[in-house]
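S.K.: Residue numbers (the working numbering), protein chains in the order written: chain A, 12 to 89; chain B, 72 to 303. Pasting a structure here, questions to come.
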């Protein structure tokens, strides 16, 4: 099931499917390691503010608006 | 004196390595007009004087944020003799992206394969010699927390500084892009000042990417129309 990353709860894992954004955003996010096929995990999402996610062994915080543009696939088995 | 810059992703142990090399005698200095700090330290090794600059941690060298820009500007404009790229050996894939960007910038890179102990404990076997062969730069395994590999790193830095090699790694972007890159590069080469200040292939790639800072620089060139014609 393809959903925006913003919809994930804490401790949920998923795989990045694509980015719904312009060239600049796609570029920036791929520099941070968010390319299609990358596994991510939501580490902290307990406030209206930014969400902490694990990407390729680094923790990065991204805003919820931005997370709406990152499409992920919820893995059945992780 | 050998001018050395330290660069790497956030949290790879840059500042720890910096303090190891400079003996913690570092003082903190400001970049003019910028709020992000850089640290400058000195170090003597086997009669060589080294000035070491600790740059802000960054994942890439685009013009997105002020710290990335500072790191990039320092390497492009101040042209340090050697750039130590500190790489987290336990997370190579992510870290090598910045390495490739540095090589594209034609910096004189020495790789410190840091957190070598953690990589080992995770069961990773990193072949430093092979990595060195592939990238054409010195690769030194280090553990900054226990100061392992510091002497070897300094040896490699001094060797690299003497050789002054600026290896051009050509990462091919495919036929269509390469054609455009060489067209822009040819136009850039006509501007002597521009082509002697920047690596021309890197500049051409950045023009095609639409990098704001680079385009500003191109605007000042007498050859700007010819260069920009390609991207119109």
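A virtual CB, placed ideally from N, CA and C, is assigned to each residue, including glycine. Predicted model only: the values in this text are computed from it and were never measured.
1. Helix, strand or coil: how does DSSP classify residue 76 of chain A here?
2. Is residue 90 of chain B close to chain A, meaning its C-beta is less than 7 angstroms from at least one C-beta of that chain?
3. Measuring only the C-alpha atoms, how far is residue 289 of chain B from residue 176 of chain B?
4. I'd like to know whether the C-beta atoms of residue 173 of chain B and residue 152 of chain B end up nearer to each other than 7 angstroms.
5. Assign residue 84 of chain B to one of two classes, buried (16 or more other C-beta atoms within 10 Å of its C-beta) or exposed (fewer than that).
6. CB residue 29 of chain B to CB residue 259 of chain B, shorter than 7 angstroms?
7. Considering just the uninterrupted stretch of the alpha helix (DSSP H) at residue 255 of chain B, what are its terminal residues?
8. Rounded to whole angstroms, what is the Cα-Cα separation between residue 132 of chain B and residue 78 of chain B?
9. Grouping DSSP H, G and I as helix and E and B as strand, with all else coil, what is residue 290 of chain B?
10. Just by C-beta distance, which residues in the region 34–45 of chain A are closer than 7 angstroms to chain B?
11. With 8 angstroms as the limit, tell me which residues of the region 121–136 of chain B have their beta carbon closer than that to any beta carbon of chain A; keep them in chain order.
12. Please identify, using Cβ separations under 7 angstroms, the residues of the region 139–164 of chain B that lie next to chain A, in order along the chain.
13. First and last residue of the beta strand (DSSP E) that includes residue 53 of chain A?
14. Would residue 67 of chain A pass as an interface residue toward chain E - the criterion being a Cβ-Cβ separation below 7 angstroms?
15. Taking C-beta to C-beta, are residue 111 of chain B and residue 76 of chain B nearer than 7 angstroms?
16. Looking at C-beta atoms only, is the number of pairs between the region 207–222 of chain B and the region 178–196 of chain B that lie closer than 8 angstroms three or more?
17. Could you check if residue 58 of chain A is buried or exposed, using at least 16 other CB atoms within 10 Å of its CB as the buried criterion?
18. Is the distance from the Cβ of residue 276 of chain B to the Cβ of residue 252 of chain B below 7 angstroms?
19. Looking at the structure shown, is residue 195 of chain B part of a helix, part of a strand, or coil, going by DSSP?
20. Apart from the five residues just before and just after residue 140 of chain B, which ones in its own chain have a Cβ nearer than 8 angstroms to its Cβ?
21. Counting pairs of beta carbons, one from the region 185–199 of chain B and one from the region 156–171 of chain B, are three or more of them closer than 8 angstroms?
22. Mapping the DSSP letters down to three states, classify residue 208 of chain B as helix, strand or coil.
23. With distances taken Cα to Cα, identify the nearest neighbour of residue 38 of chain A among B:280, B:262 and B:196.
24. List the endpoints of the continuous alpha helix (DSSP H) containing residue 173 of chain B.
25. What residue from A:16, A:12 and A:66 has the CA that sits closest to residue 44 of chain A's CA?
26. Need the endpoints of the beta strand (DSSP E) that residue 40 of chain A sits in, please.
27. Could you check whether the Cβ of residue 251 of chain B sits closer than 7 angstroms to any Cβ belonging to chain A?
28. Answer yes or no: do residue 79 of chain A and residue 17 of chain A have a C-beta to C-beta separation smaller than 7 angstroms?
29. Can you tell me where the alpha helix (DSSP H) holding residue 221 of chain B begins and where it ends?
30. Can you tell me the Cα-Cα spacing of residue 128 of chain B and residue 225 of chain B, whole angstroms?
31. Around the C-beta of residue 261 of chain B, are 16 or more other C-beta atoms found within 10 angstroms, so that it is buried, or is it exposed?
M.R.: In brief:
1. Of the three classes helix, strand and coil, the one that applies to residue 76 of chain A here is helix, per DSSP.
2. Output row for residue 90 of chain B: interface = no.
3. In this structure, the straight-line span from the alpha carbon of residue 289 of chain B to that of residue 176 of chain B is close to 17 angstroms.
4. Contact flag unset, no.
5. With 16 or more Cβ atoms within 10 Å of its Cβ, residue 84 of chain B is classed as buried.
6. Chain B is shown from 72 up to 303; residue 29 of chain B falls before or after that span and cannot be answered.
7. From DSSP, the alpha helix (DSSP H) with residue 255 of chain B extends over 246–260.
8. Computed Cα separation, rounded: 11 angstroms.
9. Note: residue 290 of chain B maps to helix in three-state DSSP.
10. Within the region 34–45 of chain A, the qualifying residues are 39, 42, 43 and 44.
11. Flagged, chain order: 130, 131, 133 and 135.
12. So the list reads 162 and 164, given in the order they occur along the chain.
13. Secondary structure note for residue 53 of chain A: its beta strand (DSSP E) is the uninterrupted segment 50–55.
14. This model lacks chain E altogether, as its protein chains are A and B.
15. No, Cβ-Cβ distance for residue 111 of chain B and residue 76 of chain B is not below 7 angstroms.
16. Yes, they touch.
17. Exposed, since its Cβ has fewer than 16 Cβ neighbours within 10 Å.
18. Contact: yes.
19. Residue state, collapsed to three classes: coil.
20. Same-chain partners within the cutoff: 134 and 284.
21. At 8 angstroms Cβ cutoff, the stretches touch.
22. For residue 208 of chain B, the secondary structure class from DSSP, reduced to helix, strand or coil, is coil.
23. Nearest neighbour of residue 38 of chain A by Cα position, chosen from B:280, B:262 and B:196, turns out to be B:280.
24. Segment 163–175, the alpha helix (DSSP H) holding residue 173 of chain B.
25. Closest option to residue 44 of chain A, Cα to Cα, is A:66.
26. The continuous stretches of beta strand (DSSP E) do not include residue 40 of chain A, which lies in the alpha helix (DSSP H) extending over residues 34–42.
27. By this cut-off, residue 251 of chain B is not an interface position.
28. Residue 17 of chain A is positioned such that its CB atom lies closer than 7 angstroms to that of residue 79 of chain A.
29. Unbroken alpha helix (DSSP H) run through residue 221 of chain B: 221–234.
30. Cα-Cα distance, rounded: 21 angstroms.
31. The residue is exposed, with fewer than 16 neighbouring Cβ atoms inside 10 Å.
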